[in-house]
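Here is the structure we will look at.
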Amino acid sequence: MKKLLSVLLCAVMVLSLAACGKKDDAPIDDAGNGGDADGLTVALVVAGKLGDRSFYDSSKEGLDRMVADLGVKPIVIECNNENHDIQMKNAAEKANIVVCVGWEFYNVETIAPDYPEVNWIWVDNATSAPVSNVLNITYAQNEGSFLAGYIAAAVSETGVVGAVGGDDVDTINDFIVGYTQGAEYYGTENGKEISVVKNYSNTYDDPAVGKDCAIALNDQGADVIFQIASACGDGVFEAAKEKGFYAIGVDSDQKYIDPEVIICSMKKEVGSSIYDAVKSYLAGDSRFGTTWTADMATGYVGIGYGDSGMTQQVPDEVKAAVEELAAKIASGEIVVETTRA
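This note's numbering numbers the first residue of the sequence shown as 7 and each following residue consecutively.
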(Lines of atoms letter the chains of each structure in order from A and count residues from 1; the text may use other names and numbers.)
(Lines give C-alpha, C1' and ligand atoms only; values in the text may rest on other atoms or scores of the structure.)
Protein backbone atom coordinates (compact mmCIF):
# COMPACT_ATOMS: atom_id res chain seq x y z
CA MET A 1 0.00 0.00 0.00
CA LYS A 2 2.83 2.40 0.94
CA LYS A 3 4.51 1.59 -2.35
CA LEU A 4 1.29 2.37 -4.24
CA LEU A 5 0.88 5.73 -2.41
CA SER A 6 4.49 6.63 -3.18
CA VAL A 7 3.95 5.95 -6.89
CA LEU A 8 0.74 8.02 -6.90
CA LEU A 9 2.46 10.96 -5.14
CA CYS A 10 5.31 10.89 -7.64
CA ALA A 11 2.84 10.89 -10.53
CA VAL A 12 1.00 13.90 -9.08
CA MET A 13 4.28 15.81 -8.68
CA VAL A 14 5.32 15.09 -12.29
CA LEU A 15 1.95 16.23 -13.62
CA SER A 16 2.09 19.40 -11.53
CA LEU A 17 5.56 20.27 -12.78
CA ALA A 18 4.53 19.62 -16.38
CA ALA A 19 1.50 21.89 -15.99
CA CYS A 20 3.67 24.67 -14.56
CA GLY A 21 6.12 24.36 -17.43
CA LYS A 22 3.32 24.54 -20.00
CA LYS A 23 1.93 27.71 -18.42
CA ASP A 24 5.32 29.46 -18.43
CA ASP A 25 6.01 28.60 -22.08
CA ALA A 26 2.54 29.27 -23.46
CA PRO A 27 2.18 32.29 -25.74
CA ILE A 28 0.21 35.18 -24.31
CA ASP A 29 -3.32 35.85 -25.43
CA ASP A 30 -2.94 38.59 -28.04
CA ALA A 31 -6.47 39.82 -27.44
CA GLY A 32 -6.70 42.37 -24.67
CA ASN A 33 -3.07 42.29 -23.64
CA GLY A 34 -3.75 45.15 -21.25
CA GLY A 35 -0.14 46.29 -20.95
CA ASP A 36 1.21 42.99 -19.63
CA ALA A 37 4.50 42.19 -21.39
CA ASP A 38 5.22 39.18 -19.18
CA GLY A 39 6.00 36.30 -21.52
CA LEU A 40 5.82 38.44 -24.66
CA THR A 41 8.53 37.40 -27.11
CA VAL A 42 9.51 39.79 -29.90
CA ALA A 43 11.59 38.47 -32.79
CA LEU A 44 13.61 40.92 -34.86
CA VAL A 45 14.32 39.55 -38.34
CA VAL A 46 16.66 41.74 -40.40
CA ALA A 47 16.98 41.24 -44.14
CA GLY A 48 20.75 41.76 -44.08
CA LYS A 49 22.95 41.69 -41.02
CA LEU A 50 23.66 43.85 -38.01
CA GLY A 51 26.69 46.08 -37.77
CA ASP A 52 25.73 48.66 -40.39
CA ARG A 53 25.54 51.46 -37.77
CA SER A 54 22.45 52.56 -39.64
CA PHE A 55 19.13 50.94 -40.61
CA TYR A 56 19.49 47.47 -39.06
CA ASP A 57 21.33 48.63 -35.97
CA SER A 58 18.62 51.22 -35.36
CA SER A 59 16.02 48.44 -35.29
CA LYS A 60 18.17 46.49 -32.81
CA GLU A 61 18.35 49.56 -30.57
CA GLY A 62 14.55 49.63 -30.59
CA LEU A 63 14.42 45.99 -29.53
CA ASP A 64 16.97 46.61 -26.78
CA ARG A 65 14.75 49.40 -25.45
CA MET A 66 11.77 47.03 -25.42
CA VAL A 67 13.77 44.59 -23.32
CA ALA A 68 14.88 47.30 -20.88
CA ASP A 69 11.63 49.28 -20.63
CA LEU A 70 8.88 46.81 -21.47
CA GLY A 71 10.38 43.53 -20.31
CA VAL A 72 9.91 41.63 -23.56
CA LYS A 73 11.92 38.53 -24.42
CA PRO A 74 14.09 39.15 -27.52
CA ILE A 75 15.02 36.99 -30.48
CA VAL A 76 17.33 38.29 -33.22
CA ILE A 77 17.64 36.65 -36.64
CA GLU A 78 19.97 37.92 -39.37
CA CYS A 79 19.02 36.75 -42.87
CA ASN A 80 22.26 37.85 -44.52
CA ASN A 81 20.17 38.70 -47.61
CA GLU A 82 18.85 35.18 -48.14
CA ASN A 83 16.14 32.77 -46.93
CA HIS A 84 13.77 35.54 -45.88
CA ASP A 85 10.67 33.32 -45.98
CA ILE A 86 12.29 30.52 -43.98
CA GLN A 87 13.52 32.92 -41.32
CA MET A 88 10.09 34.56 -41.01
CA LYS A 89 8.58 31.15 -40.35
CA ASN A 90 11.32 30.26 -37.88
CA ALA A 91 10.60 33.46 -35.98
CA ALA A 92 6.85 32.86 -35.98
CA GLU A 93 7.34 29.47 -34.34
CA LYS A 94 8.97 31.15 -31.32
CA ALA A 95 7.59 34.67 -31.00
CA ASN A 96 4.37 36.56 -30.33
CA ILE A 97 5.43 39.52 -32.45
CA VAL A 98 7.72 39.24 -35.47
CA VAL A 99 9.36 42.45 -36.71
CA CYS A 100 10.59 42.11 -40.30
CA VAL A 101 13.14 44.82 -41.04
CA GLY A 102 13.66 45.50 -44.73
CA TRP A 103 11.65 45.97 -47.88
CA GLU A 104 12.62 42.43 -49.00
CA PHE A 105 10.01 40.60 -46.90
CA TYR A 106 7.37 40.65 -49.65
CA ASN A 107 5.86 37.31 -48.72
CA VAL A 108 4.81 38.39 -45.24
CA GLU A 109 1.34 38.97 -46.68
CA THR A 110 0.99 35.28 -47.54
CA ILE A 111 2.94 33.89 -44.58
CA ALA A 112 1.33 35.94 -41.79
CA PRO A 113 -2.19 34.51 -42.31
CA ASP A 114 -0.73 31.03 -41.65
CA TYR A 115 0.22 32.25 -38.15
CA PRO A 116 -2.94 34.01 -36.91
CA GLU A 117 -1.76 33.93 -33.28
CA VAL A 118 1.32 35.95 -34.20
CA ASN A 119 1.37 39.68 -34.87
CA TRP A 120 3.73 41.02 -37.51
CA ILE A 121 5.41 44.37 -38.09
CA TRP A 122 6.87 44.95 -41.53
CA VAL A 123 9.36 47.80 -41.60
CA ASP A 124 10.04 49.79 -44.80
CA ASN A 125 7.34 48.42 -47.07
CA ALA A 126 3.64 47.55 -47.15
CA THR A 127 1.46 44.64 -48.12
CA SER A 128 -0.57 45.00 -51.33
CA ALA A 129 -3.76 44.87 -49.26
CA PRO A 130 -4.41 45.03 -45.48
CA VAL A 131 -3.60 41.85 -43.53
CA SER A 132 -5.34 41.68 -40.15
CA ASN A 133 -2.26 40.69 -38.14
CA VAL A 134 0.32 42.80 -40.02
CA LEU A 135 1.28 46.39 -39.23
CA ASN A 136 3.17 47.98 -42.10
CA ILE A 137 5.51 50.83 -41.19
CA THR A 138 6.61 52.95 -44.11
CA TYR A 139 8.71 56.08 -43.86
CA ALA A 140 8.61 59.39 -45.67
CA GLN A 141 12.32 59.12 -46.37
CA ASN A 142 11.76 61.36 -49.37
CA GLU A 143 10.89 64.20 -46.99
CA GLY A 144 14.02 63.85 -44.89
CA SER A 145 16.09 63.41 -48.04
CA PHE A 146 14.73 66.71 -49.39
CA LEU A 147 16.41 68.41 -46.45
CA ALA A 148 19.62 66.41 -47.02
CA GLY A 149 19.66 67.52 -50.65
CA TYR A 150 19.12 71.13 -49.66
CA ILE A 151 22.07 70.93 -47.24
CA ALA A 152 24.27 69.20 -49.82
CA ALA A 153 23.60 71.93 -52.37
CA ALA A 154 24.20 74.67 -49.79
CA VAL A 155 27.57 73.25 -48.77
CA SER A 156 28.76 72.21 -52.24
CA GLU A 157 31.41 74.32 -53.92
CA THR A 158 31.26 72.55 -57.29
CA GLY A 159 27.49 72.64 -57.73
CA VAL A 160 27.48 68.86 -58.16
CA VAL A 161 26.16 66.59 -55.42
CA GLY A 162 25.85 62.81 -55.46
CA ALA A 163 24.01 59.82 -54.02
CA VAL A 164 25.08 56.18 -53.72
CA GLY A 165 22.06 53.89 -53.53
CA GLY A 166 22.18 50.28 -52.42
CA ASP A 167 19.87 49.06 -55.16
CA ASP A 168 17.73 50.45 -57.97
CA VAL A 169 14.40 49.87 -56.20
CA ASP A 170 11.49 52.09 -55.17
CA THR A 171 12.51 52.41 -51.52
CA ILE A 172 16.03 53.58 -52.35
CA ASN A 173 14.84 55.78 -55.19
CA ASP A 174 12.40 57.42 -52.79
CA PHE A 175 15.43 58.84 -51.00
CA ILE A 176 16.97 59.95 -54.27
CA VAL A 177 13.95 61.79 -55.69
CA GLY A 178 13.58 63.74 -52.44
CA TYR A 179 17.32 64.46 -52.32
CA THR A 180 17.28 65.68 -55.92
CA GLN A 181 14.25 67.89 -55.34
CA GLY A 182 15.80 69.42 -52.23
CA ALA A 183 19.09 70.15 -54.00
CA GLU A 184 17.31 71.75 -56.93
CA TYR A 185 15.08 73.73 -54.55
CA TYR A 186 18.20 75.26 -52.99
CA GLY A 187 19.56 76.07 -56.43
CA THR A 188 16.34 77.80 -57.49
CA GLU A 189 16.04 79.76 -54.25
CA ASN A 190 19.66 80.91 -54.33
CA GLY A 191 20.32 81.32 -58.05
CA LYS A 192 22.84 78.49 -58.07
CA GLU A 193 23.00 75.81 -60.73
CA ILE A 194 22.93 72.38 -59.08
CA SER A 195 23.20 68.95 -60.67
CA VAL A 196 22.71 65.59 -58.98
CA VAL A 197 24.60 62.45 -60.00
CA LYS A 198 23.90 58.96 -58.70
CA ASN A 199 24.88 55.33 -58.95
CA TYR A 200 24.03 52.04 -57.22
CA SER A 201 26.26 49.64 -55.34
CA ASN A 202 23.89 46.69 -55.91
CA THR A 203 24.91 45.39 -52.50
CA TYR A 204 24.44 46.59 -48.94
CA ASP A 205 27.31 44.77 -47.27
CA ASP A 206 30.55 45.58 -49.08
CA PRO A 207 32.23 48.89 -48.12
CA ALA A 208 34.78 48.45 -50.91
CA VAL A 209 32.02 48.69 -53.50
CA GLY A 210 30.54 51.73 -51.76
CA LYS A 211 33.95 53.37 -51.85
CA ASP A 212 34.33 52.74 -55.58
CA CYS A 213 30.86 54.16 -56.22
CA ALA A 214 31.63 57.30 -54.24
CA ILE A 215 34.97 57.84 -56.00
CA ALA A 216 33.22 57.49 -59.37
CA LEU A 217 30.76 60.23 -58.40
CA ASN A 218 33.55 62.41 -57.04
CA ASP A 219 35.31 62.02 -60.39
CA GLN A 220 32.16 63.54 -61.94
CA GLY A 221 32.55 66.58 -59.69
CA ALA A 222 30.37 65.63 -56.71
CA ASP A 223 31.84 67.13 -53.54
CA VAL A 224 28.98 66.10 -51.24
CA ILE A 225 27.72 62.50 -51.45
CA PHE A 226 24.68 60.97 -49.72
CA GLN A 227 25.12 57.31 -48.80
CA ILE A 228 21.93 55.22 -48.99
CA ALA A 229 23.52 51.79 -48.95
CA SER A 230 23.71 50.49 -45.37
CA ALA A 231 27.16 49.05 -44.59
CA CYS A 232 28.40 50.08 -48.04
CA GLY A 233 28.21 53.59 -46.65
CA ASP A 234 31.37 52.97 -44.65
CA GLY A 235 33.16 52.91 -47.98
CA VAL A 236 31.58 56.23 -48.95
CA PHE A 237 32.92 57.74 -45.73
CA GLU A 238 36.38 56.28 -46.39
CA ALA A 239 36.40 57.76 -49.88
CA ALA A 240 35.32 61.15 -48.53
CA LYS A 241 38.22 61.17 -46.10
CA GLU A 242 40.76 60.12 -48.72
CA LYS A 243 39.53 62.35 -51.55
CA GLY A 244 38.59 65.40 -49.52
CA PHE A 245 34.84 65.64 -50.12
CA TYR A 246 31.89 65.59 -47.71
CA ALA A 247 29.40 62.80 -47.00
CA ILE A 248 25.87 62.56 -45.63
CA GLY A 249 24.80 59.64 -43.45
CA VAL A 250 21.50 57.79 -43.51
CA ASP A 251 18.82 56.34 -41.20
CA SER A 252 20.74 57.03 -37.96
CA ASP A 253 22.82 60.04 -36.94
CA GLN A 254 26.13 58.76 -38.31
CA LYS A 255 28.27 61.86 -37.82
CA TYR A 256 30.11 60.25 -34.91
CA ILE A 257 31.71 57.80 -37.35
CA ASP A 258 33.85 60.59 -38.83
CA PRO A 259 32.81 64.10 -37.75
CA GLU A 260 35.31 65.73 -40.12
CA VAL A 261 33.73 64.42 -43.33
CA ILE A 262 30.12 63.55 -42.40
CA ILE A 263 28.28 66.86 -42.34
CA CYS A 264 24.84 65.52 -41.33
CA SER A 265 22.58 62.48 -41.59
CA MET A 266 19.06 61.89 -42.82
CA LYS A 267 17.45 60.19 -39.81
CA LYS A 268 14.74 57.58 -40.15
CA GLU A 269 13.82 56.57 -36.61
CA VAL A 270 13.37 52.84 -37.21
CA GLY A 271 14.13 51.82 -33.63
CA SER A 272 11.78 54.39 -32.13
CA SER A 273 8.97 53.50 -34.52
CA ILE A 274 8.97 49.77 -33.74
CA TYR A 275 9.40 50.47 -30.03
CA ASP A 276 6.42 52.83 -30.06
CA ALA A 277 4.34 50.35 -32.08
CA VAL A 278 4.89 47.56 -29.53
CA LYS A 279 4.38 49.93 -26.60
CA SER A 280 1.06 51.09 -28.11
CA TYR A 281 0.04 47.47 -28.62
CA LEU A 282 0.70 46.70 -24.97
CA ALA A 283 -1.40 49.70 -24.03
CA GLY A 284 -4.30 48.28 -26.03
CA ASP A 285 -3.93 50.58 -29.04
CA SER A 286 -3.27 48.07 -31.79
CA ARG A 287 -2.52 49.23 -35.34
CA PHE A 288 -2.31 45.76 -36.84
CA GLY A 289 -4.16 45.52 -40.12
CA THR A 290 -3.08 49.02 -41.15
CA THR A 291 -0.19 50.91 -42.72
CA TRP A 292 1.45 53.63 -40.66
CA THR A 293 3.51 56.24 -42.48
CA ALA A 294 6.15 57.68 -40.17
CA ASP A 295 6.81 61.09 -41.67
CA MET A 296 8.21 64.50 -40.82
CA ALA A 297 4.98 65.60 -39.18
CA THR A 298 5.19 62.70 -36.70
CA GLY A 299 8.84 63.42 -35.90
CA TYR A 300 10.22 60.10 -37.12
CA VAL A 301 12.04 61.63 -40.10
CA GLY A 302 14.54 64.49 -39.95
CA ILE A 303 18.16 65.64 -39.95
CA GLY A 304 20.90 64.98 -37.39
CA TYR A 305 24.09 67.01 -37.03
CA GLY A 306 25.82 64.92 -34.36
CA ASP A 307 26.72 66.30 -30.93
CA SER A 308 27.24 70.03 -30.53
CA GLY A 309 30.91 69.47 -29.68
CA MET A 310 31.61 67.92 -33.07
CA THR A 311 32.87 69.89 -36.06
CA GLN A 312 29.89 71.56 -37.71
CA GLN A 313 30.29 72.16 -41.43
CA VAL A 314 26.68 73.23 -42.00
CA PRO A 315 26.32 76.98 -41.32
CA ASP A 316 23.76 78.09 -38.72
CA GLU A 317 21.79 80.01 -41.33
CA VAL A 318 21.43 76.84 -43.41
CA LYS A 319 20.29 74.91 -40.34
CA ALA A 320 17.70 77.63 -39.68
CA ALA A 321 16.47 77.40 -43.27
CA VAL A 322 16.24 73.61 -42.92
CA GLU A 323 14.02 73.99 -39.86
CA GLU A 324 11.72 76.29 -41.80
CA LEU A 325 11.59 73.86 -44.70
CA ALA A 326 10.83 70.96 -42.34
CA ALA A 327 7.85 72.90 -40.96
CA LYS A 328 6.59 73.59 -44.48
CA ILE A 329 6.89 69.93 -45.41
CA ALA A 330 5.10 68.85 -42.23
CA SER A 331 2.26 71.29 -42.90
CA GLY A 332 1.93 70.27 -46.53
CA GLU A 333 3.04 73.64 -47.91
CA ILE A 334 5.92 71.86 -49.64
CA VAL A 335 5.01 68.54 -51.26
CA VAL A 336 7.97 66.26 -51.81
CA GLU A 337 8.00 63.90 -54.77
CA THR A 338 7.93 60.19 -54.02
CA THR A 339 8.18 56.76 -55.61
CA ARG A 340 5.58 55.42 -53.19
CA ALA A 341 2.17 54.63 -54.67
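Every residue gets a Cβ at the ideal spot worked out from N, C-alpha and C, and that includes glycine.
The model shown is predicted, which means the values in this text are computed figures rather than measured ones.
Thinking C-beta only, is Ser-258 closer than 8 Å to Ser-64?
Stepping through the sequence shown from its first residue, residue 64 is reached at position 58. Stepping through the sequence shown from its first residue, residue 258 is reached at position 252. Cβ atoms of Ser-64 and Ser-258: closer than 8 Å.
Keeping to the same chain, check which residues put their C-beta closer than 6 Å to that of Gln-147; ignore five residues upstream and five downstream.
Taking the first residue of the sequence shown as 1, we reach residue 147 at position 141. So the list reads Asp-180, Phe-181, Lys-274, once near-sequence residues are dropped.
Buried or exposed for Thr-186, please, with buried defined as at least 16 other CB atoms from any protein chain shown within 10 angstroms of its CB.
For the purposes of this step, residue 186 is identified with residue 180 of the sequence shown, where counting begins at 1. Per the 10 Å Cβ criterion, buried.
Whole angstroms is fine: what's the gap from Ser-382's alpha carbon to Thr-304's?
This structure gives no information on residue 382, because the portion of the chain shown stretches from 7 to 347.
Please report the distance separating the alpha-carbon of Lys-261 from that of Lys-247.
If you number the sequence shown from 1, residue 261 lands on position 255. If you number the sequence shown from 1, residue 247 lands on position 241. Whole-angstrom Cα-Cα distance: 13 Å.
To the nearest whole angstrom, what separates the beta carbons of Lys-204 and Ala-169, a pair I think is in contact under 8 Å?
As a first step, residue 204 must be located in the sequence shown, where it is residue number 198. As a first step, residue 169 must be located in the sequence shown, where it is residue number 163. Confirmed, about 5 Å.
First and last residue of the beta strand (DSSP E) that includes Pro-122?
Working through the sequence shown from its first residue, we reach residue 122 at position 116. Neither: Pro-122 is in no beta strand (DSSP E) and is coded neither H nor E.
Please name the residue or residues paired with Trp-109 in a DSSP beta bridge.
Reading the sequence shown from its first residue, position 103 is the one you call residue 109. Trp-109 pairs with nothing; no bridge assigned.
Scan the stretch 46-98 and note each continuous beta strand (DSSP E) run of 3 residues or more that stays entirely inside, going in chain order.
With a minimum length of 3 residues, the continuous beta strand (DSSP E) runs that stay inside the stretch 46-98 are 47-52, 79-84.
Residues in the same chain with beta-carbon distance under 8 Å from Ala-189, minus the five sequence neighbours each way, listed in chain order, please.
As a working mapping, residue 189 is identified with position 183 in the sequence shown. So the qualifying residues of the chain are Gly-155, Tyr-156, Ala-158, Ala-159, Val-167, Ile-200, Val-202.
Verify whether the separation of the beta carbon atoms of Pro-122 and Thr-296 is less than 8 Å.
By one-based count along the sequence shown, residue 122 stands at place 116. By one-based count along the sequence shown, residue 296 stands at place 290. Not closer than 8 Å, so no.
Report the three-state DSSP secondary structure of Asn-208 (helix, strand or coil).
Taking the first residue of the sequence shown as position 1, residue 208 is located at position 202. Correct three-state label for Asn-208: coil.
How would you label Thr-194, buried or exposed, when you count the other beta carbons within 10 angstroms and need 16 or more for buried?
The residue you call residue 194 lines up with position 188 of the sequence shown. The residue is exposed, with fewer than 16 neighbouring Cβ atoms inside 10 Å.
Is it right to say Glu-329 is buried, meaning 16 or more other beta carbons lie within 10 angstroms of its own, or is it exposed?
Sequence index remark: in the sequence shown, residue 329 carries index 323 (1-based). The residue in question, Glu-329, is exposed, as its Cβ has fewer than 16 Cβ neighbours within 10 Å.
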